[in-house]
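In numbering that gives the first Met the number 0, the protein residues as written are 0 to 236.
Please read the structure below before turning to the comments.
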Amino acid sequence: MLVELSVKQKFLTLCGITAAAMAASLAIGQRLIPQSILTGVVFYLISGERPSTVYASIVSLPRDIRTAIIFLKLNLCLYRYERAGATVVQIFERVVARQPNKVAFLMDDGQLTFAQVKQLADRVAAHFYAKGFRKGDTIALLMETRLEYPCIWLGLSKVGIVTALINSNLRKETLRHSITVANSKAIIVSTELAGAIAEINEQEGIKGLPVHLFRTDGAPDTASSSSSSSSDPLPGK
């Protein structure tokens, strides 16, 4: 049962069903088959626990209508963007121009405004463009859930780089496979997960790939590096 109705709520619900049925009956007139169907529907709605369902549906109707309107507006907006060929980066830049100081991402006690997201994304884009990465290249991103995660993806998108989002729980062979199957040309890893890359940096497909560390607190370079695997700090906020 959706909700336990009080005596008053159940009475009002039954009265509402009856009133609606009477109005429908008057509209139908003397046509026997529609009247029979209406009678069956009414008995169905007032029997058992169905008045609770009717009550819950009526109470939630305004919310459902608002949700439907928002959904339609969102899909219309997406359709216009698709018709115009707009990219996520272009749409984001428009939002930043309109409301730079509005909070874009919120997590635990931290937050980033749209302007801060743009600043970090631009730094990421400049960093990798300077390293020679271009549109169509793929970079693997191994990072725990954090505010900067979407900023890095956005920054790479500014250059046209494809971001291979790697599950942060993967280790060893499954991690190696996920990076190599995406044909990654480099790896971005947070200092917290650098050890996972260090475990596989001599394996086939990983050996020789540039490793870019993302640091926000000036933490030391904890990724293992060798003559065949470089470690390059990626600036944080």
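Ideal placement from N, C-alpha and C gives every residue a C-beta, glycine not left out.
Rounded C-alpha distance that separates residue i from residue j
i	j	result
T12	I160	58 Å
S46	L25	23 Å
T137	T112	27 Å
P219	E3	The pLDDT assigned to P219 is 36, lower than 50, so where the model puts this residue is not dependable; a value taken from the coordinates is nonetheless given after this. Approximately 59 Å, taken between the alpha carbons.
Q98	Q110	15 Å
S229	P61	In this prediction, S229 has a pLDDT of 48, which is less than 50 and means its spatial position is unreliable; what the coordinates show is noted afterwards. Rounded to whole angstroms, S229 to P61 spans 58 Å at the Cα level.
E198	S167	14 Å
L208	I165	16 Å
Outcome for residue i when other beta-carbon atoms lying within 10 angstroms are tallied against a minimum of 16
i	result
F127	buried
F132	buried
K206	exposed
C150	buried
K7	exposed
A18	exposed
Cβ distance (whole Å) where residue i is taken to contact residue j below 8 Å
i	j	result
V188	V210	6 Å
L140	A163	7 Å
F91	L153	6 Å
K117	V95	5 Å
A20	V41	5 Å
Closer than 8 Å to chain D by CB, residue i
i	result
T162	You won't find chain D in this structure, because it holds only one protein chain.
Discussion item. With three or more beta-carbon pairs closer than 8 Å as the criterion, would you say the segment 98-117 touches the segment 171-179?
Written reply: Taking a cut-off of 8 Å on C-beta distances, the segment 98-117 does not touch the segment 171-179, as fewer than three cross pairs fall below it.
Item to complete: Would you mind listing the alpha helix (DSSP H) stretches within the segment 86-155 that are 4+ residues and don't spill past its ends, in chain order?
Response: 87-97 and 113-129
Discussion item. As an exercise, report each continuous beta strand (DSSP E) stretch of at least 3 residues that is fully enclosed by the segment 7-47, in chain order.
Written reply: none
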